Amino acid sequence: MKKLIIHGDPGVRRDGVIEYDGEEYVLFSVDRQGDWHGPDRVQLWCTVGTEDEREAFEKREFVPHWLDTEGVDAEAVEVVRERGAA
């Protein structure tokens, strides 16, 4: 599990699936930043992981501040599934 800051909006939402850096990740949470006061592009602050890590996320068996954090442009993210079942 890690934090992924996506610069730009590739069109994904919570429970979507993305491929980044050759691995597939599920978006457990997505916080949209920057709509009102900048930066010039919106940022999506996502908690991502594998499906095996979903239970740990739901039970909060992690410390958010200790997760590895990476920043990436929206163009580097391939959207596999935009969002979970509604």
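Taking my numbering, the leading residue of the sequence shown gets 42, the next gets one more, and so forth.
C-beta atoms are modelled at their ideal positions from N, C-alpha and C, and glycine is treated no differently.
Just so we're clear, the structure is a prediction, and the values are computed from it rather than from any experiment.
DSSP places Phe69 within a strand segment (E or B) once states are collapsed to three. For the set Val89, Gly49, Arg54, the Cα lying nearest the Cα of Arg122 is the one of Arg54. In its chain, beyond the 5 residues on either side, Leu68, Arg122, Glu123, Arg124 have a beta carbon closer than 6 Å to the beta carbon of Gly57. Around Thr110, the same chain offers Lys43, Lys44, Leu45, Ile46 as residues with beta carbons nearer than 8 Å, after the five sequence neighbours per side are excluded. When only Cα atoms are considered, Val71 and Trp86 end up about 6 Å apart. For Arg95, the enclosing alpha helix (DSSP H) stretches over residues 95 to 99. Beta bridge pairing from DSSP links Glu119 with Glu60.
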